[in-house]
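Please read the structure below before turning to the comments.
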Amino acid sequence: MKCPRCKTVNDNMRTICTKCGYYLYKNDSDPRTRMTKEQIAQMDRRIIWGKTKTVLKWLWRVIVIIVMVYWIVMIFLWASSYLGVDLGF
Ligand SMILES: [Zn+2]
């Protein structure tokens, strides 16, 4: 990637010019470095999927807690009614 400021040729992996420190990914004047609409959409999808995964992770934890509380309550109710019947006899 060629630096638009100082014309230094940097390797493709670099996002900052090795000579002048120019942010190469911010360069929109060179059409070769500009992201295509598909690339932007792909990046958006990745960001959305990342957020969705975080939400799902939290949702899963909430569901697990609700199910656990439900079972604890059910066992408690069953045990107390069982004991209640036992005491009645
Ligand atoms: Zn430069």
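Residue numbers for the sequence shown follow our numbering, so the first one is 624 and each next one is one higher. The beta-carbon is built from N, C-alpha and C at its ideal position, and this holds for glycine as well.
Residue i versus residue j - alpha carbon distance
{"i": "Gln662", "j": "Tyr646", "result": "19 Å"}
{"i": "Arg668", "j": "Trp683", "result": "22 Å"}
{"i": "Val687", "j": "Val696", "result": "14 Å"}
{"i": "Asn650", "j": "Gly673", "result": "With a pLDDT of 46 at Asn650, under the threshold of 50, the modelled position of that residue is not reliable, and the figure given next carries that caveat. Between Asn650 and Gly673, the C-alpha separation is close to 27 Å."}
{"i": "Lys630", "j": "Met666", "result": "29 Å"}
{"i": "Tyr693", "j": "Ser703", "result": "15 Å"}
With 16 other Cβ atoms within 10 Å as the buried cut-off, status of residue i
{"i": "Cys626", "result": "buried"}
{"i": "Arg643", "result": "Inspection of the sequence shows that residue 643 is occupied by Cys rather than by Arg. Answer is exposed; the Cβ neighbour count stays below 16."}
{"i": "Cys640", "result": "buried"}
Residues that residue i bridges to, as DSSP identifies them
{"i": "Lys625", "result": "Val632"}
DSSP-derived helix/strand/coil call for residue i
{"i": "Tyr646", "result": "strand"}
Next item on the list: Give me every residue whose Cβ sits closer than 6 Å to any heavy atom of ligand 1, in chain order.
Entry: Cys626, Arg628, Cys629, Thr631, Cys640, Lys642, Cys643 and Tyr645
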